[in-house]
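Colleague: First, the structure itself, so that you have it in front of you.
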Amino acid sequence: MTSTPLFEEPMLPPESMQTFLHRLAHTSVRQLKIAVLWKYFAEAFPYRPGGSENRKWLQRALQEAADQDIIRLPSVRGRCWDHTLEPPLPTVVWKTSPNEVRDDESWRDYPWLPQLRWIADMPMLSQEQVIFLKRVQEALREGVLQRSAPLTYRSLQLTGNEKRLGELLHSALFRSGRLSLALLGCIPDIPPLVIEEIGASPVALIFENAAAFRTAATVLKQYASPPYGWLGFGSGASFERSVLHFTLMEHQIERIEYVGDLDRHGLRIARQAAELAQSELLPSVVPARGLHRAMLQSVQQFGYPEGFEYQPKERRRDASDEALSAWLPEDVRVDVLKIIQAGRRVPEEVLGPDELQHVWQA
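For what it's worth, my numbering labels the leading residue of the sequence shown as 17, then goes sequentially.
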């Protein structure tokens, strides 16, 4: 049975999601308590956020497992939910028994097209998945997928919901040798990236926030030969996906330098953008030369050598902290790690015109 999502669903790393689902599907334990679920989740998602976002990720992963009939969630009106923090999480889930799965497996003998014959070997399918796959088959047979269309448009065609196809991308239906965006004729769902050409260099510089981007543009345009050829505004977490905009650029880019806030959120953006760029064979996303050291020097001049106060819940040690800070230049890693684990941060806005000019004139 396909359960109804209870919360707004964040997009999780597909490979980690599949690792988590595989772990749940192959455990012999019938009743899984929350401590065990957290253990499986931590193993599958080593680079996960902290706080409430961490709980949202686990909730989303459990929802996907329920949608694929791997587990059964408790009743939303029952007592098996932890409401002490947001979002609420189940205190226990149950592995789906073979006799709880639908007896109707007629889809195994359905006359699938050659591109879809792998469906018959799936261990299980939900009713929603079967309906979706038959719509895909019909669309392939009628040739309506030959003309490329945006992901959201194709999602409306095949599911009746503009977001559902994007959610299904994280399911077992989209693996090597199964469904793909190319098979469905989807135009890559790449968010726009604000980027300006400012020079002849094959290196791009991307800022997380708008104010720093505007400041850098003012300074760089004063140079006859600026150290960067392209200057971009990543718009916060959007850069985790909009880095793919570089696949659409005709100009040769050799390296993408990036700078953002020195806190867990900012470092996670940088790391995930770097990982996606690597997986898509894009130019490397690396720390912007000299700017992170300049941020630490600037925050000292502001009179806050240990960083600015942040949220009290950020004062902790996460297992992923060292991995996040490892993306940074070696000469600032230790200092930044101390700052974020003390619940403090350094926003990139500490880089004013003088700080930027000092770095670029060095």
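All C-beta atoms in this analysis are idealised placements derived from N, C-alpha and C, irrespective of residue type, glycine included.
Note that the coordinates shown come from a computational prediction; the quantities given were computed from them, not determined experimentally.
Give me, in chain order, the residues of the same chain whose beta-carbon lies closer than 7 Å to that of Val-375; leave out the 5 immediate sequence neighbours on both sides.
Modeller: Same-chain partners within the cutoff: Gly-306, Leu-307, Ala-310.
Colleague: Provide the residue span of the alpha helix (DSSP H) that contains Leu-340, from first to last.
Modeller: Start and end: 337-341.
Colleague: Indicate whether the contact test is met: 3 or more Cβ pairs, each with one atom in the stretch 216-225 and one in the stretch 254-274, closer than 8 Å.
Modeller: The stretch 216-225 is in contact with the stretch 254-274.
Colleague: At the level of alpha carbons, what is the spacing between Thr-35 and His-186?
Modeller: Their Cα atoms are separated by approximately 11 Å.
Colleague: Output yes or no for whether 8 Å exceeds the beta carbon distance between Gln-145 and Leu-129.
Modeller: Against a cut-off of 8 Å, the Cβ pair of Leu-129 and Gln-145 comes out as no contact.
Colleague: Could you tell me if Thr-112 is buried or exposed, where buried requires 16 or more neighbouring beta carbons within 10 angstroms of its beta carbon?
Modeller: It counts as buried.
Colleague: Reducing DSSP to helix, strand and coil, say where Trp-376 ends up.
Modeller: Residue state, collapsed to three classes: helix.
Colleague: What do you reckon, are the CB atoms on Glu-193 and Trp-134 nearer than 8 Å?
Modeller: Rather than Glu, the amino acid found at residue 193 in this sequence is Gly. Against a cut-off of 8 Å, the Cβ pair of Trp-134 and Gly-193 comes out as a contact.
Colleague: Could you give the C-beta distance for Arg-76 and Leu-28, rounded to a whole number, given that I count them as a contact under 8 Å?
Modeller: Right, the Cβ-Cβ distance comes to about 6 Å (below 8 Å), so this counts as a contact.
Colleague: Just the C-alpha distance for Arg-191 and Ser-164, rounded to the nearest angstrom, thanks.
Modeller: If I take the Cα positions, the gap works out to 21 Å.
Colleague: Tell me where the beta strand (DSSP E) around Pro-303 begins and ends.
Modeller: Segment 301-303, the beta strand (DSSP E) holding Pro-303.
Colleague: Who pairs with Ile-203 in a beta bridge, going by DSSP?
Modeller: Answer by DSSP bridge pairing, in chain order: Pro-166.
Colleague: Alpha carbons only, please: which of Pro-363, Val-301, Glu-346 is nearest the one belonging to Tyr-326?
Modeller: When only C-alpha atoms are compared, the closest one is Pro-363.
Colleague: How far does the beta strand (DSSP E) with Lys-404 in it extend, from its first residue to its last?
Modeller: An answer regarding residue 404 cannot be provided, because it is not within the stretch 17 to 378 covered by the chain.
Colleague: Tell me whether Asp-279 is buried or exposed, calling it buried when 16 or more other Cβ atoms sit within 10 Å of its Cβ.
Modeller: Buried, by the Cβ-count rule.
Colleague: Which of helix, strand or coil does DSSP assign to Met-33?
Modeller: If DSSP states are grouped into helix, strand and coil, Met-33 belongs with the helices.
Colleague: Which partner residues of Ala-188 appear in the DSSP bridge assignment?
Modeller: Partner(s): none; Ala-188 has no beta bridge.
Colleague: Alpha helix (DSSP H) containing Leu-48: first to last residue?
Modeller: No alpha helix (DSSP H) contains Leu-48, which is instead part of the beta strand (DSSP E) from 47-49.
Colleague: Distance check for Gly-245 and Ala-81, CA to CA, integer angstroms please.
Modeller: So the alpha carbons of these two residues sit roughly 45 Å apart.
Colleague: Go through its chain and collect everything with a Cβ distance to Trp-73's Cβ below 8 Å, but skip five positions before and after it.
Modeller: For Trp-73, where only same-chain residues beyond five positions count, the Cβ hits under 8 Å are Pro-26, Leu-28, Phe-57, Phe-61, Arg-64, Pro-65.
Colleague: To the nearest angstrom, report how far apart Ile-285 and Ser-122 are at their CA atoms.
Modeller: Computed Cα separation, rounded: 44 Å.
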